[in-house]
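Below: the structure, in structure tokens.
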Amino acid sequence: MRAKWALCFAAALTVLSSTSFAEKPTVRIEGSSTVYPLTEAVAEEFQKAKANAVHVTVGISGTGGGFKKFLRKETDINDASRPILEQELEEARRQGVKFIELPIAFDALSVVVNLENTWVDHLTTAELQRIWAPDAQGKVTNWKHVRPNFPDVPLALFGPGSDSGTFDYFTEVIVGKPKASRGDYMASEDDNVLVQGVSKNKGGMGYFGYAYYVENRNRLKVVPIDGGNGPVEPSEETVLKGKYIPLSRPLFIYVNAESLQRPEVAEFINFYLDHIADLANDVGYIPLPKDAYEKAKARVKARQTGTIFVGHSKAAVTVDDLFRGKLHD
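Going by the numbering used here, 400 is the number at position 285 of the sequence shown; the sequence numbering is gapless.
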């Protein structure tokens, strides 16, 4: 009889435990692998501050993949490494999704090569276009094809997949059209896979967010980029002074306005904007000035929905640009 009661008691505890977990308020986040380290850092600190009374899930499916879930109302927040696109805006209108666009940091999109690459001291944006444009497929396959004085070393390319906001941004500002890229490269939504690929291949070259370069600077060589005014290496100084052009870009979170009616989501967003500056530095990104976060908080408080970008990325965006102009739903 005692054994029977013990089993019943254990079963009851299991039910109560699972019910308690199921009823725990949850903030659901998906999207960019670039923004992931930022949001994951905030989520960890928030859950500690709330004594784990709120559960925050942070997934990686790329900016585009995240927007698909966000616009199906499966998530509360989308991490994005580029602004919402025109077709995504149209889908938001069809689904009745109102969102608040919040810039959170700047990124210096970094072009990297293998540590054994001794011949590259910089690349021009024209050379990057020559390497990554669709018509380069099957033609630009060796470093000597990039510049005549480069050695005869096979070119091994690594980059984000087509659901990545980094892919969208890079192709738009370098190739001239979003998603216009050669297809014969190793693609992954996981930037750690790209790091590994470049680091293990002498002829390797790739591109991804600055934080992943900083974290792996002992395994990779970053390439200064000449956008027309001489070679510039990515850094906090060159980004904030507007010198690292065109590969510096703002990063965002998009918040479902309806989700903000839930206390746990509103608290999380306020916590995010209060702590992101310090955490951005910790994970290798470039925080916005303090007054920019105050403007973001004012946007949340006023429930100002929409985007200032009208479905397109812009090169050489300043902090002021992020809060200037009409918002478009």
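The C-beta atom is built at its ideal place from N, Cα and C for all residues, glycine as well.
If you draw a straight line from the Cα of asparagine 396 to the Cα of proline 402, it comes to about 7 Å. When DSSP assignments are scanned along the region 164-208, the uninterrupted stretches of alpha helix (DSSP H) that are 4 or more residues long and fall wholly within it turn out to be 177-186. Counting along the chain, serine 428 sits inside no beta strand (DSSP E), nor does DSSP assign it H or E at all. For phenylalanine 273, same chain residues with a beta-carbon under 6 Å away, outside a window of 5 residues either side, are Met301, Leu309, Gly312, Val313, Gly321 in chain order. For aspartate 283 and asparagine 167, the gap between their C-alpha atoms comes out near 36 Å. Secondary structure at phenylalanine 383: helix, using DSSP grouped into helix, strand and coil. Here DSSP, grouped into helix, strand and coil, assigns arginine 143 to strand. Within the same chain, and ignoring the five residues on either side of glutamine 210 in sequence, the residues whose Cβ sits closer than 6 Å to its Cβ are Leu186.
The Cβ-Cβ distance between aspartate 299 and tyrosine 327 does not fall below 8 Å.
Between glycine 399 and tyrosine 325, the beta carbon gap of about 6 Å places them in contact (Cβ cut-off 8 Å). According to the DSSP assignment, serine 314 belongs to no beta strand (DSSP E) but to the alpha helix (DSSP H) extending over 306-314. Fewer than three Cβ pairs drawn from the region 227-237 and the region 409-425 lie within less than 8 Å of each other, which leaves the two stretches out of contact.
One alpha carbon belongs to glycine 179, the other to glycine 280, and they sit about 6 Å apart.
Here isoleucine 289 has Thr240, Leu243, Gln244, Trp247 as same chain residues with Cβ atoms under 7 Å from its own Cβ, once five neighbours each way along the sequence are excluded. In the same chain as glutamate 379, and ignoring 5 residues on each side of it, the C-beta atoms closer than 6 Å to its own belong to Pro140, Val142, Val169, in chain order. By alpha-carbon distance to valine 347, the top candidate from Lys184, Asp406, Asp236 is Asp236. Considering only Lys163, Gln162, Ala158, the residue with the shortest C-alpha distance to glycine 174 is Ala158.
Look at glycine 318 here: in three-state DSSP terms it is coil, with no helix or strand label. Annotation for isoleucine 246: the continuous alpha helix (DSSP H) segment containing it runs 240-247. Going by beta carbons, isoleucine 368 and aspartate 191 fall outside the 8 Å limit. In this structure, the straight-line span from the alpha carbon of valine 432 to that of valine 255 is close to 31 Å. Residue state for tyrosine 369 is assigned as strand, using DSSP reduced to three classes. Scanning the region 232-300 for uninterrupted beta strand (DSSP E) segments of 3 residues or longer gives 271-274, listed from N- to C-terminal end. One thing to note: valine 227 has its Cβ no nearer than 8 Å to the Cβ of leucine 366. Valine 228: member of the beta strand (DSSP E) spanning 225-229, first to last residue. Cβ-Cβ separation between glutamine 419 and leucine 437: approximately 13 Å, too far for a contact (criterion under 8 Å). A contact between stretches requires three or more CB pairs, one per stretch, nearer than 8 Å, and the region 264-271 fails this requirement with the region 339-355. Assignment of alanine 413 by DSSP, reduced to helix, strand and coil, places it in the helix class.
In the assembly as shown, asparagine 371 is a buried residue. Its beta-carbon has 16 or more other beta-carbons within 10 Å. Of the candidates Tyr387, Ser196, Lys317, Ser196 places its Cα closest to the Cα of phenylalanine 323. Assigned with DSSP and collapsed to three states, serine 148 falls in coil, not helix or strand. For leucine 224, the closest C-alpha among the options Ser428, Thr149, Arg208 is that of Thr149. Of the candidates Leu217, Glu203, Asp222, Pro349, the residue whose Cα lies closest to the Cα of asparagine 385 is Leu217.
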